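In terms of the working numbering, the sequence shown opens at residue 18 and continues consecutively.
For glycine and all other residues, C-beta sits at the position ideal for the given N, C-alpha and C.
Keep in mind the model is a prediction, meaning the values are calculated, not measured.
Working notes, beginning with the structure itself.
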Amino acid sequence: MNKLVLVVMDGVGKSKTGLGDAVTMANTPTLDRLMAECPHTFIKAHGRAVGLPSDDDMGNSEVGHNALGCGQVYSQGAKLVEEAIESGDIYKSAAWQELKANCLDNGSAMHFIGLLSDGNVHSNIGHLLALVTRAKRDGIKRVRIHILLDGRDVPATSALTYVDALENTLAGLNDGEFDAKIASGGGRMKITMDRYFANWDMVKAGFYTHVYGEGRGFATAREAIETFRAETPDIIDQDLPAFVVKDDGKPVGAMADNDSVILFNFRGDRAIEISMAFDNVSFDGFDRGNMPKVKYAGMLQYDGDLHLPARFLVEPPQIKYTLSEKLVDLGVRSYAVSETQKYGHVTYFWNGNRSEKFSDKLEVWEEVPSDKVSFDQRPWMKSAEVTDKVIEAVESGEYEFIRCNYPNGDMVGHTGSLDATIIGVEAVDLALARLLPVVKRNNYTLVVTADHGNADEMLEKNKKGQIAVRTAHSLNVVPFIVCNANCEIADGEFGLSNVAATVAALMGFEPDAHWDKSIVRINK
Numbered sequence: 018m019n020k021l022v023l024v025v026m027d028g029v030g031k032s033k034t035g036l037g038d039a040v041t042m043a044n045t046p047t048l049d050r051l052m053a054e055c056p057h058t059f060i061k062a063h064g065r066a067v068g069l070p071s072d073d074d075m076g077n078s079e080v081g082h083n084a085l086g087c088g089q090v091y092s093q094g095a096k097l098v099e100e101a102i103e104s105g106d107i108y109k110s111a112a113w114q115e116l117k118a119n120c121l122d123n124g125s126a127m128h129f130i131g132l133l134s135d136g137n138v139h140s141n142i143g144h145l146l147a148l149v150t151r152a153k154r155d156g157i158k159r160v161r162i163h164i165l166l167d168g169r170d171v172p173a174t175s176a177l178t179y180v181d182a183l184e185n186t187l188a189g190l191n192d193g194e195f196d197a198k199i200a201s202g203g204g205r206m207k208i209t210m211d212r213y214f215a216n217w218d219m220v221k222a223g224f225y226t227h228v229y230g231e232g233r234g235f236a237t238a239r240e241a242i243e244t245f246r247a248e249t250p251d252i253i254d255q256d257l258p259a260f261v262v263k264d265d266g267k268p269v270g271a272m273a274d275n276d277s278v279i280l281f282n283f284r285g286d287r288a289i290e291i292s293m294a295f296d297n298v299s300f301d302g303f304d305r306g307n308m309p310k311v312k313y314a315g316m317l318q319y320d321g322d323l324h325l326p327a328r329f330l331v332e333p334p335q336i337k338y339t340l341s342e343k344l345v346d347l348g349v350r351s352y353a354v355s356e357t358q359k360y361g362h363v364t365y366f367w368n369g370n371r372s373e374k375f376s377d378k379l380e381v382w383e384e385v386p387s388d389k390v391s392f393d394q395r396p397w398m399k400s401a402e403v404t405d406k407v408i409e410a411v412e413s414g415e416y417e418f419i420r421c422n423y424p425n426g427d428m429v430g431h432t433g434s435l436d437a438t439i440i441g442v443e444a445v446d447l448a449l450a451r452l453l454p455v456v457k458r459n460n461y462t463l464v465v466t467a468d469h470g471n472a473d474e475m476l477e478k479n480k481k482g483q484i485a486v487r488t489a490h491s492l493n494v495v496p497f498i499v500c501n502a503n504c505e506i507a508d509g510e511f512g513l514s515n516v517a518a519t520v521a522a523l524m525g526f527e528p529d530a531h532w533d534k535s536i537v538r539i540n541k
């Protein structure tokens with residue numbers, strides 16, 4: 018059996034426009050050398066190739082690592098939810114029926130919390146509008162909406178576009194009997210949407226904003242956003258402070274006993290902590306105060322092993338036949354490492370949305386704690402430390418398959434800082450420069466790819482034709498490079514779901530029959 022190291026350069030794609038292309042602008046002698054000397058191609062990492070509704074939908078790290086780890090395309094995220102809404106199954110779910118009955122029986126409010134955009138990475142405003150419309154149809158009288166502002170998966174200062182769309186829909190629904198309002202909000206990187214337990218204070222700030230209506234008050238969400246922008250002209254949506262909509266000095270949407278609460282985000286990583294705050298009786302992340310007794314549900318179940326949350330509207334894909342399962346069946350020892358920001362991607366998402374290993378004996382996972390600073394301040398992140406761990410794993414001789422993720426291109430790319438992102442890409446190239454001789458000396462094959470684009474498109478033209486900062490993922494293809502293996506690229510178009518079979522072929526075992534075909538042909 019051949020040994021293999023797989024490197025995921027998170028957020029590193031191939032630019033089509035050249036606008037803000039930090040990947041090309043960076044000094045990357047190692048990547049340049051690999052592209053010049055090794056078999057390589059570019060593969061799809063967005064849209065239908067990763068189970069999203071259309072090729073206009075950006076890929077993301079979660080669905081990307083699902084596809085990498087399972088070798089197949091499953092309906093994911095937005096597509097899952099859209100299918101459930103179109104079929105009406107979402108409204109037949111036990112969770113919707115229970116939360117609806119709770120409101121009807123008690124004359125209480127239904128609250129919706131989530132990211133207000135159409136980025137289709139964490140959420141889609143269309144899903145929210147459908148749920149609010151159905152709530153009225155089902156006889157619920159009061160709806161309150163707690164909006165998280167994006168500017169990351171959509172243009173950086175587009176919040177008012179979505180606020181206006183929501184307000185217009187609510188105005189059309191509101192009448193003498195039905196009353197729906199925006200109640201609170203704030204930037205997604207300021208409140209509520211932390212992940213990997215990096216910043217409980219951020220979750221607490223959102224919890225107290227949404228639940229108790231504590232915070233700076235405004236008459237409308239528009240007034241809040243315009244005020245914050247006037248006070249800090251360069252601020253982008255993801256960094257806007259928390260706000261509460263108030264009437265006569267009182268919050269219009271503080272939660273009360275017997276209210277129902279739905280988190281309408283479908284992506285799991287930034288939904289887990291706020292779900293724990295609502296759903297865990299023994300929660301100890303922060304002091305929740307005199308929390309009202311509410312019934313809570315998520316759009317999806319964000320962690321199947323932890324059964325979190327207990328109630329959810331849409332069943333997740335049942336991912337089977339993963340690469341990890343195959344390797345465990347073959348007795349292959351594997352090692353996975355990344356820093357905190359992407360640790361869940363090389364473990365939980367890679368293993369088909371499972372928190373647990375398939376084998377504690379054969380699988381080793383290691384996390385390098387991320388810095389708790391804005392990533393444009395330290396764009397090298399923990400690339401050196403992750404590389405140290407991979408080199409140690411290779412030289413130990415204990416593992417046949419090693420995988421790692423360098424988050425720099427994605428996490429620094431999301432800050433909108435082109436200069437910092439260039440440094441982040443260069444840090445990843447330096448990591449590859451350190452890995453390459455170690456891999457060759459120990460007779461490992463090296464595969465280098467990415468889960469989606471981001472750093473490759475840091476600028477864009479807005480509707481006025483002006484160049485604007487872009488913080489979202491791109492729709493670009495990503496590199497796929499094979500080093501230290503006797504192979505060639507096969508004919509055809511490929512995506513992330515073809516990587517598992519490729520790993521199998523390069524390691525010398527038969528791919529699972531359920532997987533998409535290999536990207537390479539092995540030369541005998």
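Burial state of residue i (16 or more Cβ within 10 Å)
i, result
"residue 490", "buried"
"residue 337", "exposed"
"residue 458", "exposed"
"residue 210", "buried"
"residue 307", "exposed"
"residue 71", "exposed"
"residue 415", "exposed"
"residue 81", "buried"
"residue 243", "exposed"
"residue 249", "exposed"
"residue 170", "buried"
"residue 235", "buried"
"residue 25", "buried"
Residue from the options with nearest C-alpha to residue i
i, options, result
"residue 269", "173, 163 and 145", "163"
"residue 176", "48, 464, 253 and 416", "253"
"residue 510", "447, 380 and 57", "57"
"residue 618", "82, 472, 172 and 245", "Residue 618 is absent from the structure shown; the chain starts at 18 and stops at 541."
"residue 251", "432, 504 and 535", "432"
"residue 49", "91, 500 and 361", "500"
"residue 521", "340, 333 and 113", "340"
"residue 88", "535, 309 and 307", "535"
"residue 345", "332, 333 and 381", "381"
"residue 570", "525, 530, 533 and 538", "Given a span of 18 to 541 for the chain in the structure shown, any question on residue 570 remains unanswerable."
"residue 157", "315, 411, 170 and 114", "114"
"residue 450", "404, 426 and 267", "404"
"residue 262", "201, 174 and 180", "201"
"residue 228", "247, 264 and 274", "274"
C-alpha distance - residue i paired with residue j, whole-angstrom precision
i, j, result
"residue 107", "residue 328", "12 Å"
"residue 407", "residue 514", "24 Å"
"residue 51", "residue 38", "19 Å"
"residue 32", "residue 494", "8 Å"
"residue 516", "residue 417", "17 Å"
"residue 423", "residue 101", "34 Å"
"residue 467", "residue 400", "15 Å"
"residue 465", "residue 75", "21 Å"
"residue 434", "residue 393", "6 Å"
"residue 40", "residue 512", "20 Å"
"residue 22", "residue 182", "47 Å"
"residue 36", "residue 488", "12 Å"
"residue 112", "residue 126", "16 Å"
"residue 69", "residue 184", "27 Å"
Beta-carbon separation (whole angstroms), residue i vs residue j, contact threshold 8 Å
i, j, result
"residue 67", "residue 84", "5 Å"
"residue 462", "residue 379", "The pair is not a contact, with the Cβ atoms about 19 Å apart (cut-off 8 Å)."
"residue 59", "residue 496", "6 Å"
"residue 277", "residue 144", "Not confirmed; about 17 Å, so no contact."
"residue 428", "residue 398", "7 Å"
"residue 295", "residue 313", "4 Å"
"residue 272", "residue 311", "6 Å"
"residue 45", "residue 442", "7 Å"
"residue 456", "residue 506", "Rounded, the Cβ-Cβ distance is 20 Å, inconsistent with contact."
"residue 472", "residue 124", "Not really, about 51 Å apart at Cβ, beyond 8 Å."
"residue 159", "residue 196", "5 Å"
"residue 190", "residue 149", "7 Å"
"residue 540", "residue 504", "6 Å"
CB of residue i within 8 Å of CB of residue j, strictly
i, j, result
"residue 349", "residue 363", "no"
"residue 86", "residue 369", "yes"
"residue 280", "residue 291", "yes"
"residue 208", "residue 238", "no"
"residue 216", "residue 389", "yes"
"residue 168", "residue 286", "no"
"residue 352", "residue 259", "no"
"residue 396", "residue 357", "no"
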